[in-house]
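Colleague: This structure is in structure tokens; I'll ask about it shortly.
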Ligand SMILES: Cc1cc2nc3c(=O)[nH]c(=O)nc-3n(C[C@H](O)[C@H](O)[C@H](O)COP(=O)(O)OP(=O)(O)OC[C@H]3O[C@@H](n4cnc5c(N)ncnc54)[C@H](O)[C@@H]3O)c2cc1C
Ligand SMILES: Cc1cc2nc3c(=O)[nH]c(=O)nc-3n(C[C@H](O)[C@H](O)[C@H](O)COP(=O)(O)OP(=O)(O)OC[C@H]3O[C@@H](n4cnc5c(N)ncnc54)[C@H](O)[C@@H]3O)c2cc1C
Ligand SMILES: Cc1cc2nc3c(=O)[nH]c(=O)nc-3n(C[C@H](O)[C@H](O)[C@H](O)COP(=O)(O)O)c2cc1C
Ligand SMILES: Cc1cc2nc3c(=O)[nH]c(=O)nc-3n(C[C@H](O)[C@H](O)[C@H](O)COP(=O)(O)O)c2cc1C
Ligand code: FES
Ligand code: FES
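Given below as structure tokens:
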């Protein structure tokens, strides 16, 4: 029986401290938490309310308990995310969370695969897995163009991971995240986490040897409306799994149906 | 500014385990707590609801965290207390509390003065003050007659205090609690607690030397209806003190107005 | 029946409007019951019947998020009756029946005519009962709006009764008109009442000064409204001794028993699926079984309406 | 003014129906204000005005205990309007005035005639405002019973207005009729509305099956009803832009600000005196001052009705 324990989910206002453009499409927004917000674990997310616009699901990319700040990394794709990408210091936003289930694999060596805005939960994983401290993490970060990668690789490096960037031209590697992944020795890693567009994670799944599948974790996306497990909008097709309470990351074997 | 902190007051059903007659007028009722009830400290009390009758204030005379039991000592004086005195094993009652403010003086030697049902909070004090363990407690327990004293002295002795009983005839001492008190060397005790009818406590107050008054604590009674500090019925005459939140015990100096 | 659910003892059996339930705990309308995956999740949680999301004549997107605000053990929501529309009813009922459970189809129209048309489709799909949502407080035209007057309540219920033979449950909210509305629904033929829906409420973000929900106000649910639900069930039962399904702040066996003793024969849960998780149904069933043993009661029906005993 | 209260900055000043308050926080009727000691306690807590317990024509004992049930950060009560009767009004007002604070006298009659007679006595005693309790939900004959119809609301308010020149505040509860009741009270001359009273509720002891309160049901207050209070204030302010005193679940500066932004000019607190203790007033004032600084607002009146800004 899958159970979800008593959630400790809170609403709080946050206030933007800094909006730093990491690349042509990625914006790191750091905000001050104005009320109470419990310690999140990756890959937990929030419903981020942009007054006057919608509330949208956003991964927590970073959290500082002492400074009381929370980071998100936004990729503009529609009205709300475009508005966010341009948001100025001091603007107020509302969040509730942390939502979803913590899923932090144990081990010493980790391979983290990120595509586009999928880098957001990976940034949070780097802290939680103590990368560059007790543990070793290698991040393969891909996007279509060098501009979309921008300084995001350096940012990820600065928080503790070894980074390989992948794009069509001018990155460490030419091609896709999956191209790099195919060349990796999966044996080396205690866990592999894939966070990117569904098409990317499907390819990662396909190129993972059967016997290594139990080391693979996939951060997935569906349409999240309530984030609390009540509205049903985020159900993983063909299953009774709810992304917002059972996910957003799943052991690969749990969501084989949508990986094939 | 007198403040009362966020109370941790709960309602729970209790079920009578045992009703032991201690004397002609005192009944020790031990009950099983059926829900959640926080650890009380003396001289905290409860509102005790007798379904079909009223809810009345009752001191907590004992509490066992492991067995989840609570003791009260009842003296029948009206319909509800008479009903209680005759209550049988397995009957259900309701309580909410703990109410009032813990007031546990520090020290090694204590003099505890009890009149009639005033023995109830004293029983709780004996445990909380670790009488007969690290500390020494002398209880002077009085009533009009030997029958009213009954086995209550033995009971008090059995839980850790040295007891002197006082009544009109046949007790350790003939007279009143105050008579014994007058003969005591007040210097010997770190704290003196008086728990009995207002007339008794007034006499105790009168016979306490001015310079010893800061060692005297008085467990008082007024008319308690809500027990939560909202209805105003328990106000100490001539003051803005509420017995149910500021008391029921007070440092003697705080209630000098009603002691004179 | 799965091996897990069959472990539930017969002491918990409940019957509402002739529908036999293996135990009294259903989901409340609005929790997951709008698609197959959600219904499967409810079934896995161990409910004794599945209540669908309120279905309207056409599919509805509902409001844009935020549609919910977590408030500790309570919640405020204005989902806006997002649902796939009545034409999804066949698939939903099929899924529920496929797992051997009764299907309670919640329907919501803007007037008697729409309710009647919805009822016909739900009955054709094989619904075991129709739950008429006359109490959603935050979707203009529907719910409380559609049943504003006592006349409207009567017309809707008698309209639906005249075209179906499926048991009709009428879901009402707390208001000062509750007794009159309940009376009207019953005299128009309602087989059971479902009490209560959410209570209107609003939460404002103090820094921006904006109400947080996109719809500005919504419906309050969960622990906050439990005493109001107990009161509502008690008052209606006292007046009419009718069949009642209790809803509102059920979150453990005690809150469940309170509603039963107030007069409910069965219960529904919405918010506690969120606050306590999907294990809530089994937790409550274990608690109820333990309580029956503790007080030496043979079955849960002994407790129905106990609070009215003189 | 004591040295403590004078420390409150003028940024917090509030004016309701012409009465100047040094800050927006009063007690709500029903908290202590029925005797001298209780009123002293309220004054010590730092309230900007004292609202008396609802006074009725004759003294009332109220119900036997249990009259309250603690429910975490909420409470259920059925005190039954226990009060010393209107003839105590002189002493109560004298005590309040003796400490330099405005005296808001809450009165409760069974009909317009009683309300008028009470109003006359309260005015003679020097009340700074009359608060008409038309919303107590659990005392037969009084409160909601006395103001059952829109006509009754009108008659009571216009009756009182016709005999006094003291500002009249009308205290209403949440119900689906709220907007209509508010409109009736205002058109009959009410100077301010006080929103909201408690919401009916019941708690049952599951082992005995008995409702715990002696009156069986009571009124729910505290955190549980805060979103309902915000909703009520918001809806009434939107419709009438009238003067409103907000009550219901105020327990920290945030819940206070929410009601202000919804449209309240001042606030009252009942349950939080219990759940947070008598330091609550100073805690909220400190929080409000800090908030004004944080958002760079000059004074609290800038926030009144902010949630309605387009
Ligand atoms: C758990 C989770 C974590 C996410 N984390 C991030 C993150 O860290 N950074 C980031 O940039 N993006 C993240 N997203 C995606 C982000 O929520 C969408 O980009 C955003 O909702 C689009 O809003 P919009 O108004 O800008 O665009 P819209 O015009 O609303 O939509 C543009 C596209 O996004 C899809 N979309 C819209 N709403 C949602 C929704 N609620 N859930 C999923 N997809 C949606 C639409 O189907 C459409 O294809 C996450 C999504 C989920 C479910
Ligand atoms: C804080 C506190 C702790 C107490 N602890 C104990 C205890 O441990 N054991 C014990 O036997 N008694 C205790 N009492 C006294 C007990 O509450 C009363 O004896 C009881 O309320 C009488 O109820 P009745 O219905 O039997 O009698 P009633 O007929 O109601 O009253 C008989 C007499 O008791 C007085 N009385 C009634 N109700 C109250 C009340 N709510 N508060 C104070 N006095 C009241 C009446 O004025 C009358 O003189 C305590 C009282 C208080 C205030
Ligand atoms: C998110 C959400 C959606 C709801 N949607 C509906 C609905 O579609 N139809 C309906 O009749 N009630 C709906 N309700 C009300 C619930 O069915 C229920 O009456 C109410 O929440 C009280 O129960 P609870 O305290 O267990 O949540 C909804 C409640 C919530 C929280
Ligand atoms: C114990 C108690 C007694 C009350 N008595 C009265 C009363 O006499 N008159 C009245 O108008 N309201 C009375 N009320 C209602 C409060 O004034 C207030 O409207 C309600 O409790 C909501 O505020 P809160 O959430 O801060 O408690 C009482 C409330 C409580 C809890
Ligand atoms: S988003 Fe509503 S159930 Fe997951
Ligand atoms: S008994 Fe009500 S205030 Fe103390």
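Residue numbers (this note's numbering), protein chains in the order written: chain A, 11 to 270; chain B, 11 to 270; chain C, 921 to 1230; chain D, 921 to 1230. Idealized CB from N, CA, C, for every residue including glycine.
#1: When burial is assigned at 16 or more other CB atoms within 10 Å of the CB, is residue 955 (chain D) buried or exposed?
#2: Kindly list the residues whose CB is nearer than 7 Å to the CB of residue 921 (chain C), restricted to its own chain and excluding five residues on each side of it in sequence; keep chain order.
#3: What residues from chain E crowd round residue 968 (chain C), counting only those whose CB sits closer than 9 Å?
#4: Quick one: is residue 1002 (chain D) near chain B, going by C-beta distance under 8 Å?
#5: Would you verify that the beta carbon of residue 236 (chain B) is, or is not, closer than 8 Å to some beta carbon of chain D?
#6: Does DSSP classify residue 1051 (chain C) as helix, strand or coil?
#7: Is it the case that the CB of residue 994 (chain D) approaches a heavy atom of ligand 7 more closely than 7 Å?
#8: Would you mind listing the alpha helix (DSSP H) stretches within the region 1184-1209 of chain C that are 4+ residues and don't spill past its ends, in chain order?
#9: Exposed or buried, which one is residue 1206 (chain D) when buried takes at least 16 other CB atoms within 10 Å?
#10: Start and end of the beta strand (DSSP E) containing residue 230 (chain B)?
#11: Exposed or buried, residue 116 (chain A), counting other C-beta atoms within 10 Å across all chains shown (16 or more means buried)?
#12: Who are the neighbours of residue 1054 (chain C) on chain D, taking C-beta pairs under 8 Å?
#13: Is residue 1185 (chain C) near ligand 2, judged by its Cβ being under 7 Å from some heavy atom?
#14: Under 5 Å, CB to any heavy atom of ligand 1. Which residues pass, going along the chain?
#15: I'd like to know if residue 1116 (chain C) contacts chain A, where contact means its C-beta is closer than 8 Å to some C-beta of that chain.
#16: Using a Cβ-based criterion (distance less than 7 Å to any ligand heavy atom), does residue 1199 (chain D) qualify as near ligand 3?
#17: My output table needs one value for residue 240 (chain B): the three-state DSSP class, helix, strand or coil.
#18: Rounded to the nearest angstrom, what separates residue 36 (chain B) and residue 1048 (chain D) at their Cα positions?
#19: Residues in the same chain with beta-carbon distance under 6 Å from residue 148 (chain A), minus the five sequence neighbours each way, listed in chain order, please.
#20: Between residue 1219 (chain D) and the rest of its own chain, which residues show a CB-CB distance below 8 Å, the 5 nearest in sequence each way excluded?
#21: Compute the distance between the beta-carbons of residue 1003 (chain C) and residue 974 (chain C), then report whether it is under 8 Å.
#22: Going along chain D, which residues have a C-beta under 7 Å from residue 1227 (chain C)?
#23: Report back the beta-carbon spacing between residue 128 (chain B) and residue 229 (chain B) to the nearest angstrom; my notes put them in contact at under 8 Å.
#24: Specify, as a first and last residue, the run of the alpha helix (DSSP H) that residue 994 (chain D) falls within.
#25: Check the C-beta distance from residue 125 (chain B) over to residue 67 (chain B) and give it rounded, since I have them as a contact under 8 Å.
#26: With distances taken from each beta carbon to the nearest heavy atom of ligand 4, which residues come in below 6 Å, in chain order?
#27: Are the CB atoms of residue 1160 (chain C) and residue 1103 (chain C) nearer to each other than 8 Å?
#28: Using C-beta distances below 6 Å, list every residue in its chain close to residue 52 (chain A), excluding the 5 sequence neighbours before and after it, in chain order.
#29: Identify every residue that forms a DSSP beta bridge with residue 119 (chain A).
#30: Could you tell me whether the Cβ of residue 1230 (chain D) comes closer than 8 Å to any Cβ of chain C?
#31: With a threshold of 16 other CB atoms inside 10 Å of the CB of residue 1111 (chain C), please say whether the residue is buried or exposed.
#32: Would you kindly check if the distance between the Cβ of residue 90 (chain B) and the Cβ of residue 64 (chain B) is under 8 Å?
#33: Does the count of Cβ pairs from the region 982-992 of chain C and the region 955-973 of chain C closer than 8 Å reach three?
#34: Is the beta carbon of residue 123 (chain A) less than 8 Å from the beta carbon of residue 191 (chain A)?
#35: Under 7 Å Cβ-Cβ, which residues of chain C neighbour residue 250 (chain A)?
#36: Does the distance from the CB of residue 1123 (chain C) to the CB of residue 1183 (chain C) come in under 8 Å?
Modeller: In terms of the structure at hand:
#1: buried
#2: Interpretation of residue 921 (chain C) is limited by its pLDDT of 36, a score under 50 that renders its predicted location unreliable; the figure taken from the coordinates is listed afterwards. If we look at residue 921 (chain C) and ignore the five residues flanking it on each side, its Cβ neighbours are 1020.
#3: Considering every chain present, this structure includes no chain E. Its protein chains are A, B, C and D.
#4: yes
#5: yes
#6: strand
#7: This structure does not include ligand 7; its bound ligands are ligand 1, ligand 2, ligand 3, ligand 4, ligand 5 and ligand 6.
#8: 1191-1195
#9: exposed
#10: Run containing residue 230 (chain B): none; DSSP gives neither H nor E here.
#11: exposed
#12: By Cβ distance, chain D contributes nothing, its closest Cβ being about 13 Å from residue 1054 (chain C), past 8 Å.
#13: no
#14: A:55, A:66, A:67, A:68, A:69, A:84, A:85, A:87, A:88, A:89, A:90, A:91, A:127, A:130, A:231, A:233, A:234 and A:258
#15: no
#16: no
#17: coil
#18: 52 Å
#19: 121 and 172
#20: 930, 931, 932, 933 and 1212
#21: yes
#22: 1124, 1129, 1130 and 1131
#23: 7 Å
#24: No alpha helix (DSSP H) contains residue 994 (chain D), which is instead part of the beta strand (DSSP E) from 994-997.
#25: Residue 125 (chain B) to residue 67 (chain B), Cβ: 17 Å. No contact.
#26: B:240, D:948, D:949, D:950, D:973, D:974, D:988, D:995, D:997, D:999, D:1001, D:1026, D:1053, D:1056, D:1091, D:1117, D:1118, D:1141, D:1142, D:1145, D:1167, D:1168, D:1169, D:1170, D:1189, D:1190, D:1191 and D:1192
#27: yes
#28: 131, 134, 135 and 138
#29: A:146
#30: no
#31: buried
#32: yes
#33: no
#34: yes
#35: 957, 960, 961 and 964
#36: no
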